[in-house]
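This report concerns only the one structure given below.
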Amino acid sequence: MVSFSDYFVDLVNELEKSKDTLIRGVQLRLGISYCDAEDCFQNAYVGLVQSSIDGRLDSDRSGRGYFCESLRNACLDFLRLKRKMPVNLEDASSFPGSSKGPSDEAVLHEDLERYERAVASMPCSCYDAFKLYVVDGLSREEVAQRLGLRLNAVSVRVHRAEKFLMKKMTV
């Protein structure tokens, strides 16, 4: 029988090994900076430690699954907080400049064309889930219901679509 302290040490070591991958995943999914994604990771990590201290975490439960759920909640909290932040109208530097040169327009047009080509070449199975989830704003549960899929299948397809777009956009 593995003691809880040994289990927790193993869990922490596993999280430390996959830390960068988890942070990059959060960054990709939410479209936020690496530092913000790292903050979400740290908040989830602190929550994990606090849960273990409070006795809410046991070795019978998947520690990685518990952490990923905590990370998801930390990300949602971050997005809610970010949405509620007041904008300081006195600081004009926080707004993008309205004067765009011809090169900015060309780059924007090129990026848009590349995105449209990437979406057009996306596999249909991924595209349907991606469109309903990202473009139409449905929850994964609603997408699963509409497409007649399991929730896990929707998550996989959305992830594959995001990965496909990132690969096509960086090439």
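Numbering (my numbering) for the sequence shown: 1 to 171.
Just so you know, even glycine gets a beta-carbon here, dropped at the ideal spot from N, CA and C.
Inter-residue spacing [alpha-carbon to alpha-carbon] between residue i and residue j
i, j, result
"PHE164", "LEU28", "12 Å"
"VAL134", "LYS167", "17 Å"
"VAL158", "ASN152", "10 Å"
"CYS124", "PHE130", "10 Å"
"LEU108", "ARG114", "10 Å"
"ASP10", "GLU69", "18 Å"
"LEU89", "ARG150", "Unreliable placement is indicated for LEU89, whose pLDDT of 49 sits below 50; the coordinate value is still reported in the next sentence. For LEU89 and ARG150, the distance between alpha carbons rounds to 46 Å."
"VAL143", "LEU112", "26 Å"
"GLY65", "LEU48", "11 Å"
"VAL12", "GLN42", "12 Å"
"THR170", "GLN145", "33 Å"
"GLU105", "SER121", "24 Å"
"GLN50", "THR21", "23 Å"
"LYS17", "ASP136", "36 Å"
Expected contact under 8 Å - CB spacing of residue i and residue j to nearest Å
i, j, result
"SER140", "VAL154", "Rather than Ser, the amino acid found at residue 140 in this sequence is Arg. Indeed they touch by this definition, with Cβ atoms about 5 Å apart."
"LYS30", "PHE67", "The sequence given here has Leu at residue 30, not Lys. Not confirmed; about 17 Å, so no contact."
"ALA44", "ALA74", "4 Å"
"LEU71", "VAL26", "7 Å"
Contact with chain B by residue i, beta-carbon distance below 7 Å
i, result
"ASP39", "Chain labels in this structure do not include chain B; a single protein chain is all it has."
Beta carbon of residue i nearer than 7 Å to that of residue j
i, j, result
"CYS35", "PHE78", "no"
"LEU147", "LEU138", "no"
Close beta carbons around residue i, own chain, < 7 Å, minus the five adjacent residues each side
i, result
"ARG160", "CYS126"
"ASP128", "LEU147"
Close Cβ partners of residue i (< 6 Å) along its chain, the five nearest in sequence each way excluded
i, result
"GLU38", "ILE23"
"GLU162", "none"
"ARG56", "none"
Terminal residues of the alpha helix (DSSP H) in which residue i lies
i, result
"TYR45", "34-53"
"LYS168", "151-170"
"TYR133", "Here TYR133 belongs to no alpha helix (DSSP H), and DSSP marks it neither H nor E."
"ARG140", "140-147"
Cβ shell of residue i (< 8 Å), same chain only, five flanking positions each side left out
i, result
"SER33", "GLN27"
"LEU76", "none"
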